[in-house]
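Q: Mind having a look at this structure? Questions to follow.
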């Protein structure tokens with residue numbers, strides 16, 4: 074039940090951001106994946122297969138960098154701070170969905186209830202770190 078308490082505010086937060094009404098930013102799917110995006114994807118693929126790293130700090134830093142890259146790309150191409158902020162938030166939303174999917178698969182591949190509980194705790198902490206970073210809204214300035 075605790076996982077619902079953490080996930081629900083995340084969903085509400087990102088839903089609110091997506092409703093903020095600023096749509097003049099570049100579609101993320103039109104861009105070539107950056108090296109950072111590829112690193113994130115590789116970590117998430119390993120995680121999905123049950124190969125968790127000892128710490129999620131590297132993943133969290135890569136995600137923060139990815140959010141910054143997206144916001145800065147839009148800021149440099151559109152010269153619109155609001156579009157830049159929304160682009161960063163949408164990138165965060167997309168990455169949260171990918172992290173959620175990877176952790177869900179990792180939880181189902183756990184060999185014991187204790188291991189699954191540990192993976193769930195890591196998931197909650199990772200999502201919380203991403204949300205806290207995104208809520209600050211300063212990612213396009215870094």
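Numbering (this note's numbering), first residue to last: 74 to 215.
All C-beta atoms in this analysis are idealised placements derived from N, C-alpha and C, irrespective of residue type, glycine included.
Predicted model, so just to flag it, every value in this text is computed and none were measured.
#1: Below 8 Å on the Cβ atoms is my contact criterion, and I expect residue 219 with residue 139 to pass it. Report the Cβ-Cβ distance as a whole number of Å.
#2: Could you spell out where the alpha helix (DSSP H) holding residue 161 opens and where it closes?
#3: If you follow the alpha helix (DSSP H) that residue 112 is part of, which residue opens it and which one closes it?
#4: How about residue 165 and residue 133: are their beta carbons less than 8 Å apart?
#5: Would you check if the stretch 118 to 136 and the stretch 173 to 182 touch, i.e. whether three or more CB-CB distances between them fall below 8 Å?
#6: Does residue 125 come out as helix, strand or coil in the three-state DSSP assignment?
#7: How would you label residue 146, buried or exposed, when you count the other beta carbons within 10 angstroms and need 16 or more for buried?
#8: Can the beta-carbon of residue 206 be found less than 8 Å from the beta-carbon of residue 137?
#9: Helix, strand or coil, according to DSSP, for residue 210 in the structure here?
#10: Can you give me the C-alpha to C-alpha distance between residue 61 and residue 148, rounded to a whole angstrom?
#11: Taking the Cβ atom as the reference point for each residue, do residue 130 and residue 109 lie within a distance shorter than 8 Å?
#12: Report the three-state DSSP secondary structure of residue 151 (helix, strand or coil).
A: The answer reads as follows:
#1: Shown here, the chain extends from 74 to 215; a query on residue 219 therefore has no answer.
#2: Against the chain shown, residue 161 aligns to sequence position 88. Residues 154 to 181.
#3: Position 39 of the chain shown, counted from the start, is the residue given in the question as residue 112. First-last of the alpha helix (DSSP H) with residue 112: 108 to 121.
#4: As a first step, residue 165 is located in the chain shown; it is residue number 92 there, counting from the start. As a first step, residue 133 is located in the chain shown; it is residue number 60 there, counting from the start. Not a contact, by the Cβ cut-off of 8 Å.
#5: yes
#6: Working through the chain shown from its first residue, we reach residue 125 at position 52. In this structure, residue 125 counts as coil in the three-state DSSP scheme.
#7: Walking along the chain shown from the start, residue 146 turns up at place 73. By the 10 Å Cβ count, residue 146 comes out buried.
#8: For the purposes of this step, residue 206 is taken as residue 133 along the chain shown, with counting starting at 1. For the purposes of this step, residue 137 is taken as residue 64 along the chain shown, with counting starting at 1. Taking 8 Å as the Cβ cut-off, residue 206 and residue 137 qualify as a contacting pair.
#9: Numbered from its first residue, the chain shown carries residue 210 at position 137. Coil.
#10: Given that the chain is displayed from residue 74 to residue 215, the structure contains no residue 61 and the question cannot be resolved.
#11: As a working mapping, residue 130 is identified with position 57 in the chain shown. As a working mapping, residue 109 is identified with position 36 in the chain shown. Their beta carbons are not under 8 Å apart, which means residue 130 does not touch residue 109 by this criterion.
#12: Here the question's residue 151 lines up with position 78 in the chain shown. Residue 151 falls in the helix class under three-state DSSP.
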